[in-house]
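Number 98 in this note's numbering belongs to position 79 of the sequence shown; there are no gaps in the numbering. Every residue gets a Cβ at the ideal spot worked out from N, C-alpha and C, and that includes glycine. Every value quoted in this text rests on a predicted model; they were computed, and no experiment measured them. This report concerns only the one structure given below.
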Amino acid sequence: MQITTNISNQNLIISLSGRLDTITSPQLEEEINRNSFDEIETVTLNMRELEYISSAGLRVILMLYKKLTSVKGNLRLVNVNDMIMEIFTMTGMDSFLEIDKA
20 MQITTNISNQ NLIISLSGRL DTITSPQLEE EINRNSFDEI ETVTLNMREL EYISSAGLRV
80 ILMLYKKLTS VKGNLRLVNV NDMIMEIFTM TGMDSFLEID KA
């Protein structure tokens, strides 16, 4: 999996490419923990090139959501394809995450 980050104003944009699974989710968790959220209002996960997400990937996204909520930040998931959207729907995560489909 490839992860690229970009900070624009108070928005941290994390773009994911490939598979977010048991093997690669520690990479994303490490990238998240590398950032201070003191001055970040919104974290945007760009999933345009994400092909697959497992329960380990969902756990990291949930951890990020909880971390941002505790500091009054927002999490946005953008460019989510239909297959990954179905997983968010089946798990009920679509009821509290801000998700923009591709």
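Item	Value
At what residues does the alpha helix (DSSP H) containing residue 74 begin and finish?	74-89
Below 8 Å between beta carbons: does that hold for residue 24 and residue 77?	no
Alpha carbon to alpha carbon, how far is residue 118 from residue 96? Give it in angstroms, no decimals.	5 Å
Per DSSP, which residues does residue 37 bridge with? Please list them.	69
Apply the 10 Å Cβ neighbour rule to residue 90 and answer buried if 16 or more other Cβ atoms are within range, or exposed otherwise.	exposed
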